[in-house]
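In the numbering used here, the protein residues as written are 17 to 466. For each residue, glycine too, the CB sits at the ideal point set by N, CA and C. Every value quoted in this text rests on a predicted model; they were computed, and no experiment measured them.
Structure below.
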């Protein structure tokens, strides 16, 4: 039995990561997609009049198996990927997009949701259920449920193309990040603080290389740009950082970006919007491009004036160091850090010992306890990577969920920081508690160091 499709018996319903193999995912997705399609088609063809139970609740249940498999797969694709997972992701992204389009563009299914929305006031629903109907209607309409014929077919194509392009974009950036490292010699290391030297050693070891290295992980390259006095090394590091996905090689994303913009614009116009910004912002706080532009223009003049004043001061410091010419992007962080120390007596290197990860975890948990009455109990369970850690979250004696922290950078993890879940909370069929995961890219300290 495929462990992705069988019952998960680990504590609190955690995925049994030690039982999963990459080869399990393709057949699991095949089975879950087939099950979801059969369930959704049955809802659409139900001869009974649409009700909240036989339409909305049924749709909520239709993709539970698919959601479970996808949560694990895409969690790994972001936090601990490999060539096999990336290849499968390239295949799956357009397939999943096609499945979604087939669902939301099913006219009989949409007719049921539309009918519920029209008479929701007479259904005796509570506010939460009424809101769910509104959200379903909005999702279907924004995904093309009201389009017909050639326009509907074209939107299907666009959605699949965008899914493939988005996957390629992310994988190209990760490929560039994995491929580049700047080896540092003794002379390069001498001006750096001990914690940065140690982080560079750990980064090299993580890549299976000797010595010390700066990688394109933000938690390593930013402090290097702030601290290293070697302008040539700073330039090399900065240029590599900003060239991710734009280096003229096989991982260059510029053509992908251009095609993505064109397809987004076409999708928006098919759906009746003047441009993609109007489509995207309709469901956001700002609502319209005009609101966003008004805010940007309100801060533009003072922000530019301050930036120009800062640049002039930093360039003065550059010239005081005997370097002629203009301030360059790789100089900005270095001279800003010096200015910060001199004008505000603030040195990040002196603050770091007070911000050790274990202390910050304890502080965050303490705040959650004071504000929300939560407590966090460490769990000794196998996860997808040795760096990841898990806690049971309680309020008093009541189980509230599981929190997973995965905080260190590694070549198999995409850059950035995010919070996702291996299981979302639900009250549809009894109380289901979430399994949340917080992923970051901190530079790892050597063993035995905080």
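Alpha-carbon spacing of residue i relative to residue j, whole angstroms
| i | j | result |
| --- | --- | --- |
| residue 265 | residue 192 | 10 Å |
| residue 32 | residue 17 | 13 Å |
| residue 114 | residue 183 | 15 Å |
| residue 251 | residue 346 | 5 Å |
| residue 167 | residue 261 | 32 Å |
| residue 224 | residue 102 | 21 Å |
| residue 62 | residue 277 | 39 Å |
| residue 352 | residue 330 | 7 Å |
| residue 107 | residue 46 | 12 Å |
| residue 328 | residue 444 | 60 Å |
| residue 177 | residue 381 | 42 Å |
| residue 462 | residue 268 | 34 Å |
| residue 362 | residue 201 | 28 Å |
| residue 11 | residue 48 | The structure shown has nothing for residue 11, since the chain only spans 17 to 466. |
| residue 348 | residue 442 | 48 Å |
| residue 314 | residue 326 | 20 Å |
| residue 78 | residue 446 | 16 Å |
| residue 19 | residue 71 | 30 Å |
| residue 317 | residue 305 | 19 Å |
| residue 323 | residue 311 | 18 Å |
| residue 85 | residue 58 | 22 Å |
| residue 501 | residue 169 | Outside the modelled stretch of the chain, which goes from 17 to 466, sits residue 501, for which no answer is possible. |
| residue 338 | residue 248 | 15 Å |
| residue 290 | residue 280 | 11 Å |
DSSP three-state assignment for residue i, whether helix, strand or coil
| i | result |
| --- | --- |
| residue 238 | helix |
| residue 326 | helix |
| residue 421 | strand |
| residue 390 | strand |
| residue 409 | strand |
| residue 414 | strand |
| residue 30 | coil |
| residue 260 | coil |
| residue 346 | helix |
| residue 36 | coil |
| residue 339 | coil |
| residue 269 | coil |
| residue 434 | strand |
| residue 163 | coil |
| residue 457 | strand |
| residue 385 | helix |
| residue 446 | strand |
| residue 452 | strand |
| residue 395 | strand |
| residue 303 | coil |
| residue 439 | strand |
| residue 23 | coil |
| residue 46 | helix |
| residue 180 | helix |
Enclosing alpha helix (DSSP H) for residue i [first to last residue]
| i | result |
| --- | --- |
| residue 155 | 143-158 |
| residue 72 | Neither: residue 72 is in no alpha helix (DSSP H) and is coded neither H nor E. |
| residue 211 | 210-222 |
| residue 115 | 99-120 |
| residue 87 | 80-95 |
| residue 229 | Premise fails: residue 229 lies in the beta strand (DSSP E), 228-230, not in any alpha helix (DSSP H). |
| residue 233 | Here residue 233 belongs to no alpha helix (DSSP H), and DSSP marks it neither H nor E. |
| residue 297 | 292-297 |
| residue 426 | Careful: residue 426 lies outside any alpha helix (DSSP H) and carries neither H nor E. |
| residue 128 | 123-134 |
| residue 364 | 364-367 |
Continuous beta strand (DSSP E) stretch holding residue i: start and end
| i | result |
| --- | --- |
| residue 199 | 198-200 |
| residue 401 | Premise fails: residue 401 is in no beta strand (DSSP E) and is neither H nor E. |
Contact with chain E by residue i, beta-carbon distance below 8 Å
| i | result |
| --- | --- |
| residue 57 | Note that chain E does not occur in the displayed structure, where there is just one protein chain. |
Residues near residue i by beta carbon distance below 6 Å, same chain, minus five either side
| i | result |
| --- | --- |
| residue 8 | Here the chain covers residues 17 to 466 and nothing more, so residue 8 does not appear. |
| residue 419 | 407, 409 and 452 |
Cβ-based neighbour list, residue i, same chain, cut-off 7 Å, excluding 5 preceding and 5 following
| i | result |
| --- | --- |
| residue 161 | 120, 121 and 126 |
| residue 438 | 31, 87, 88, 91, 451 and 453 |
| residue 397 | 26, 27, 30 and 406 |
| residue 272 | 181, 184 and 185 |
| residue 44 | 18, 20, 21 and 85 |
| residue 187 | 102 |
Contact set for residue i: own chain, Cβ-Cβ below 8 Å, skip 5 residues either direction
| i | result |
| --- | --- |
| residue 243 | 207, 208, 209, 212, 350, 353 and 365 |
| residue 34 | 398 |
| residue 233 | 193, 219, 425, 431, 457 and 459 |
| residue 411 | 388, 389, 390 and 391 |
| residue 24 | 30, 31 and 32 |
| residue 294 | 284, 304 and 305 |
| residue 83 | 440 |
| residue 384 | 390 and 392 |
*Would the stretch 218-234 and the stretch 298-306 be scored as touching if the rule is three or more Cβ pairs under 8 Å?*
no
*Quick check: the stretch 194-205 against the stretch 128-144, are there 3 or more CB pairs under 8 Å?*
no
*Touch check for the stretch 88-101 and the stretch 425-442: three-plus C-beta pairs under 8 Å?*
yes
*asked:* Check whether the stretch 148-156 and the stretch 226-234 touch, using three or more Cβ-Cβ pairs below 8 Å as the test.
replied: no
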